[in-house]
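Numbering of the sequence shown is given in the working numbering, commencing with residue 145 and proceeding in unit increments.
A virtual CB, placed ideally from N, CA and C, is assigned to each residue, including glycine.
The next block holds one structure in the form of structure tokens; read it before the comments.
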Amino acid sequence: MFENKDDIRLLYQAVSELAEIVGHHPYNTKSISLLCLDLGITLDEFEKVFMAFIRLSNNKSTDDMNIEEFKSILIENVGKYDEITDSQTLRFIEGYARNYIPELLPYAEKLYLDLRV
């Protein structure tokens, strides 16, 4: 099926096109996996962030969450980040919330309104 890099690139383009149809864009993360692909984040980094976000959502209520905790998780687990903005962090929270951790949705929505992205 995928015999060379061009086949994989075509698949990526197809996924990107479909994501755009459902509203995925830089400030509206519909697919956390596509966001990670776009940013060059590895599967290992994706999984580490995912597990840390799950732990945080299990241990804190939405009212007690703080964006700095999420930023620390991203900086600690994604090699390319030594700093990250609030709006970039929101993209990750939103993506993981929509795709894997629905418990984070209320916090993502609150943060979106607070940041007015």
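Worksheet item: MET209 to GLU164, Cα distance in whole Å?
Response: Along the sequence shown, one-based indexing puts residue 209 at 65. Along the sequence shown, one-based indexing puts residue 164 at 20. Whole-angstrom Cα-Cα distance: 30 Å.
Worksheet item: Around the C-beta of GLU238, are 16 or more other C-beta atoms found within 10 angstroms, so that it is buried, or is it exposed?
Response: Counting from one through the sequence shown, the residue named residue 238 turns up at place 94. Looking at its Cβ environment, which holds 16 or more other Cβ atoms inside 10 Å, GLU238 is buried.
Discussion item. Restricting to Cα atoms, I'd like to know which of ARG260, ASN243 and ILE185 is closest to HIS168.
Written reply: Taking the first residue of the sequence shown as position 1, residue 168 is located at position 24. Taking each of ARG260, ASN243 and ILE185 in turn and checking the Cα distance to HIS168, the smallest one comes out for ASN243.
Worksheet item: What number of angstroms, rounded off, separates the C-alpha of ASP151 from the C-alpha of ALA158?
Response: Residue numbering aside, residue 151 sits at position 7 when the sequence shown is read from its first letter. Residue numbering aside, residue 158 sits at position 14 when the sequence shown is read from its first letter. In a straight line, the C-alpha of ASP151 is about 11 Å away from that of ALA158.
Worksheet item: Per DSSP, what kind of secondary structure is ASN210 in: helix, strand or coil?
Response: Taking the first residue of the sequence shown as 1, we reach residue 210 at position 66. ASN210 falls in the coil class under three-state DSSP.
Worksheet item: Roughly how many whole angstroms lie between the Cα atoms of GLU212 and SER201?
Response: Locating residue 212 in the sequence shown gives position 68, counting from the first residue. Locating residue 201 in the sequence shown gives position 57, counting from the first residue. Looking at the two C-alpha atoms, the distance is approximately 14 Å.
Worksheet item: Taking three-plus beta-carbon pairs below 8 Å as touching, is the region 217–224 in contact with the region 187–204?
Response: The region 217–224 makes contact with the region 187–204, as at least three CB pairs between them are under 8 Å.
Practice prompt. Sort GLU161, LEU155, LYS174 and SER160 by Cα distance to LEU234 and report the nearest one.
Written response: Taking the first residue of the sequence shown as position 1, residue 234 is located at position 90. Checking every option, the nearest Cα to that of LEU234 belongs to LYS174.
Worksheet item: So ILE245 and ILE198 are in contact, right, with Cβ under 8 Å, and what is the actual spacing, rounded?
Response: To locate residue 245, count along the sequence shown from 1; it is residue 101. To locate residue 198, count along the sequence shown from 1; it is residue 54. Yes, ILE245 and ILE198 are in contact; Cβ-Cβ is about 6 Å, under 8 Å.
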